[in-house]
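Asker:
Protein chains: 2
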Amino acid sequence: MWHLYHFPLCPFSRKVQLSLGEKKIGYELVTLYPWDADESFHRLNPAGRVPVLYDAAKKVALIDSQAICEYLEETVSDRPLLIGSARARAEIRRLVALFDENFYGDITGPLLHEKMRKRLVLRQSPDSRVLRETMRLLHEHLDYIDWLVDNRRWLAGAQLSLADFAAASQISVVDYLGGIDWSDHESAHGWYRVIKSRPSFAPLLRQKMDGLPAPKHYADVNA
Amino acid sequence: MWHLYHFPLCPFSRKVQLSLGEKKIGYELVTLYPWDADESFHRLNPAGRVPVLYDAAKKVALIDSQAICEYLEETVSDRPLLIGSARARAEIRRLVALFDENFYGDITGPLLHEKMRKRLVLRQSPDSRVLRETMRLLHEHLDYIDWLVDNRRWLAGAQLSLADFAAASQISVVDYLGGIDWSDHESAHGWYRVIKSRPSFAPLLRQKMDGLPAPKHYADVNA
Ligand SMILES: N[C@@H](CCC(=O)N[C@@H](CS)C(=O)NCC(=O)O)C(=O)O
Ligand SMILES: N[C@@H](CCC(=O)N[C@@H](CS)C(=O)NCC(=O)O)C(=O)O
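This is the structure:
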């Protein structure tokens, strides 16, 4: 049985949950806050990060969301998410990296720091200058998603792929942390509503972070 | 013909060069400093980063070092670098991510900022506190490499893999930027000397960054 070490607002754990959900692979969640992790978790993952997908009986510990998704892709043929020619797969992986690294670095990471860590761990108030800058960068990234959606059926091309789920994972965390101003981003908004209403997304919309309530619209698939 | 957009001290471009070299794929280098990039480069890569592997005739632009290495793996069967079972491949990818993200985030990234960008772009002097902290973290990472080398033939297991080249790419940049104190890290040092003496590594040892000379021992494969 797979156990997924995660915490509710980790976007990379969300990406893995969406892969597992799309492929209909069973698993149980184990909540782990990296800032509270003990020695035994560091033995499992020396990098001290989530997600980790662990099968205790088989002694398999998979680490790093992209390594996990590639593994699921190689071992489960249901609902392939890295599809097409080598070139098409390179385009999917480019976009996954764009969302995992640039979107996360510009927006999700700073927001998690300001709105989650400062509140729950550091007991500080958020820096409004940082918040404003992330909102500015969010609009740039949403512009790019608009452009992709206006030019392609899905983010990476004609098929739904891991790129869509990587992007939606980041966006769902940003949405939880305060909502997104979708005005001027109708294309991106339409695309996100479609992803959000997939069955694989439902568990994410139910997960709550203790001490940090989600805004009302968050779990509404029509919002 | 492939063109690789890179700059000499970008560790991710080095990882791609090593893959290309191991697989004996021809290419030409194009030097690109992201901080000086113009509109035409941003059209090629909206993320504004190197490496980009570009074939103008075929209109293929591959972006993100890992997406590039996966593409080379899928299209060129010579010298596979992501080898073995799905589980073995997951272990290779875990380590690649560890070096690309954690080692880079702890050490190579801060060092490039302090010793390269501050000198060549910002005209500031390095912050000695940051330099000391990176050296401390370097020893922790070298301890982990020692442990891997003491327990396995190569970093990810019985076979030479992309994990070795990802690690050596980061280390070679740190070495260029000031040398590494290998005392207490004999195992890691022995492993690095072996990688460094491979033919695929020779071009990296010749590349120089304008205005930033390498230390004498840098290109010495016995050092
Ligand atoms: N590239 C990694 C990123 C994982 C990551 O950054 N996880 C965060 C939580 S969202 C974490 O565990 N951070 C704790 C730390 O770095 O100490 C992946 O895709 O799995
Ligand atoms: N994950 C990316 C990282 C690429 C990256 O960070 N490149 C740096 C140079 S070492 C860069 O171009 N930075 C410029 C920027 O971020 O604006 C990869 O593996 O290709």
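Protein chains in written order, with UniProt numbering: chain A, 1 to 223; chain B, 1 to 223.
Beta carbons are placed, not taken as given, at the ideal position from N, Cα and C, and that holds for glycine.
What you are looking at is a predicted structure, and each value in this text was computed from that prediction instead of being measured.
1. Quick check for students: name the residue ranges of the beta strand (DSSP E) that lie wholly in the UniProt domain "GST N-terminal" (1-80) of chain B, counting only runs of 3 or more.
2. Among all the DSSP beta bridges, which residues are the ones paired with Trp191/A?
3. Report the CB separation of Ser200/A from Val149/A in whole angstroms; it is logged as a contact under 8 angstroms.
4. Is Leu98/A close to chain B, meaning its C-beta is less than 8 angstroms from at least one C-beta of that chain?
5. Does ligand 1 have even one heavy atom less than 7 angstroms from the beta-carbon of Arg49/A?
6. Closer than 8 angstroms is the cut-off here; do at least three beta carbon pairs connect the stretch 63-72 of chain A with the stretch 134-153 of chain A?
7. Ligand 1 and Pro11/A: does any heavy atom of the ligand fall closer than 7 angstroms to the residue's C-beta?
8. Does Asn151/B have its Cβ less than 8 angstroms from a Cβ in chain A?
9. Below 7 angstroms between beta carbons is the criterion; list the residues of the stretch 73-85 of chain A that meet it against any residue of chain B, in chain order.
10. Shorter than 8 angstroms from the beta carbon of Leu62/B to some beta carbon of chain A?
11. Can you tell me which residues form a DSSP beta bridge with Trp154/A?
12. Can you say whether Val52/B is buried or exposed, counting buried as having 16 or more other CB atoms within 10 angstroms of its CB?
13. Chain B beta carbons: is any one of them nearer than 8 angstroms to that of Asn222/A?
14. Around the Cβ of Pro215/B, are there at least 16 other Cβ atoms within 10 angstroms (buried) or fewer (exposed)?
15. Show which residues of chain B have a CB atom less than 7 angstroms away from the CB atom of Arg193/A.
16. Could you tell me which of Trp182/A, Asp175/A, Ile63/A and Arg198/A sits nearest to Tyr218/A, measuring between CA atoms?
17. Taking all protein chains shown into account, do 16 or more other C-beta atoms lie within 10 angstroms of the C-beta of Gln207/A, making it buried, or fewer, making it exposed?
18. Let me know the secondary structure DSSP gives Leu177/B once reduced to three states.
19. My output table needs one value for residue 229/B: the three-state DSSP class, helix, strand or coil.
20. Do Asp100/B and ligand 2 come close, with the Cβ less than 7 angstroms from some heavy atom?
21. Using DSSP's beta-bridge definition, name the partner residues of Leu212/A.
22. Please confirm whether any heavy atom of ligand 4 lies closer than 7 angstroms to the CB of Gln170/A.
23. Which residues in chain B sit within 9 angstroms of Pro11/A, going by Cβ to Cβ distance?
24. Applying a beta-carbon distance threshold of less than 8 angstroms, which residues of chain B neighbour Arg117/A?
25. Just verifying my parser: in three-state terms, what is the DSSP assignment at Asp127/A?
26. What does the Cβ neighbour count give for Met116/A, buried or exposed, with the cut at 16 atoms within 10 Å?
27. Does any residue of chain A bring its CB to less than 8 angstroms from the CB of Gln66/B?
28. Can you list, in chain order, the residues of its chain whose CB lies under 6 angstroms from that of Gly179/A, leaving out five sequence neighbours each side?
29. For the candidate residues Arg193/A, Thr31/A, Asp181/A and Arg94/A, whose alpha-carbon lies nearest to that of Arg49/B?
30. Tell me whether Gln66/A, by its Cβ, gets closer than 7 angstroms to a heavy atom of ligand 1.
31. For Pro46/A, would you say it is in contact with chain B, using Cβ-to-Cβ distances shorter than 8 angstroms as the test?
32. Quick check on the burial criterion: 16 or more other C-beta atoms within 10 angstroms. Buried or exposed for Glu39/B?
33. Give the residues of chain B in contact with Glu114/A, contact being defined as C-beta atoms less than 7 angstroms apart.
34. When you compare the stretch 23-30 of chain A with the stretch 69-85 of chain A, are there three or more beta-carbon pairs, one atom per stretch, that lie closer than 8 angstroms?
35. With DSSP run on the structure shown, which of helix, strand or coil describes His185/A?
Answerer: The answer reads as follows:
1. 2-6, 27-31, 52-55 and 60-63
2. Here the question's residue 191/A lines up with position 191 in the first sequence. Bridge partners of Trp191/A: none, in fact.
3. Position 200 of the first sequence, counted from the first residue, corresponds to residue 200/A. Position 149 of the first sequence, counted from the first residue, corresponds to residue 149/A. Not a contact, Cβ separation roughly 20 angstroms.
4. Your numbering for residue 98/A matches position 98 in the first sequence. It does; some Cβ of chain B falls within 8 angstroms.
5. Taking the first residue of the first sequence as 1, we reach residue 49/A at position 49. Result yes, Cβ under 7 angstroms from ligand 1.
6. no
7. Locating residue 11/A in the first sequence gives position 11, where the first residue counts as 1. Checking every heavy atom of ligand 1 against the Cβ of Pro11/A, one is found closer than 7 angstroms.
8. Mapped onto the second sequence, residue 151/B falls at position 151. Cβ-Cβ to chain A under 8 angstroms: no for Asn151/B.
9. Glu74 and Thr75
10. Numbered from its first residue, the second sequence carries residue 62/B at position 62. Yes, its Cβ sits closer than 8 angstroms to a Cβ of chain A.
11. In the first sequence, the residue the question calls residue 154/A occupies position 154. According to DSSP, which records beta bridges pairwise, Trp154/A is partnered with Gly157/A.
12. Residue mapping note: residue 52/B aligns to position 52 of the second sequence, counting from 1. The residue is buried, with at least 16 neighbouring Cβ atoms inside 10 Å.
13. Mapped onto the first sequence, residue 222/A falls at position 222. Not closer than 8 angstroms to any Cβ of chain B, the Cβ of Asn222/A fails to qualify, so no.
14. Taking the second sequence and counting its residues from 1, one reaches residue 215/B at position 215. Pro215/B should be labelled exposed.
15. Numbered from 1 along the first sequence, position 193 holds the residue referred to as residue 193/A. Result: empty, since nearest Cβ-Cβ is about 24 angstroms, beyond 7 angstroms.
16. Working through the first sequence from its first residue, we reach residue 218/A at position 218. Answer by Cα proximity: Asp175/A.
17. Counted from its first residue, the first sequence places residue 207/A at position 207. Gln207/A is buried by the Cβ-count criterion.
18. Your numbering for residue 177/B matches position 177 in the second sequence. Three-state DSSP puts Leu177/B in coil, outside helix and strand.
19. Residue 229/B is absent from the model: chain B starts at 1 and stops at 223.
20. Residue 100/B sits at position 100 when you count from the first residue of the second sequence. For ligand 2, at least one heavy atom lies less than 7 angstroms from the Cβ of Asp100/B.
21. Residue mapping note: residue 212/A aligns to position 212 of the first sequence, counting from 1. In DSSP, Leu212/A forms a bridge with Met209/A.
22. Ligand 4 is absent from the structure shown, which contains only ligand 1 and ligand 2.
23. One-based indexing of the first sequence puts residue 11/A at position 11. Those do not exist, as Pro11/A stays about 14 angstroms from chain B at its closest Cβ, beyond 9 angstroms.
24. Translated into positions along the first sequence, residue 117/A becomes position 117. What Arg117/A touches in chain B: nothing, since even the nearest Cβ is about 17 angstroms away.
25. Translated into positions along the first sequence, residue 127/A becomes position 127. It is coil, neither helix nor strand.
26. For the purposes of this step, residue 116/A is taken as the residue at position 116 of the first sequence. Counting Cβ neighbours within 10 Å, Met116/A comes out buried, since at least 16 surround it.
27. Here residue 66/B is taken as the residue at index 66 of the second sequence, counted from 1. Taking Cβ atoms only, chain A reaches closer than 8 angstroms to Gln66/B, which makes this a yes.
28. Residue numbering aside, residue 179/A sits at position 179 when the first sequence is read from its first letter. These residues qualify, in order along the chain: Pro215.
29. Taking the second sequence and counting its residues from 1, the one referred to as residue 49/B is at position 49. Considering only alpha carbons, the answer is Arg94/A.
30. Start at 1 with the first residue of the first sequence, and residue 66/A comes out as number 66. Yes, ligand 1 has a heavy atom inside 7 angstroms of this Cβ.
31. Position 46 of the first sequence holds residue 46/A. Yes - at least one Cβ of chain B is within 8 angstroms of the one on Pro46/A.
32. Mapped onto the second sequence, residue 39/B falls at position 39. Per the 10 Å Cβ criterion, exposed.
33. Stepping through the first sequence from its first residue, residue 114/A is reached at position 114. By Cβ distance, chain B contributes nothing, its closest Cβ being about 19 angstroms from Glu114/A, past 7 angstroms.
34. yes
35. The sequence position of residue 185/A within the first sequence is 185, counting from 1. His185/A: coil per DSSP, three-state reduction.
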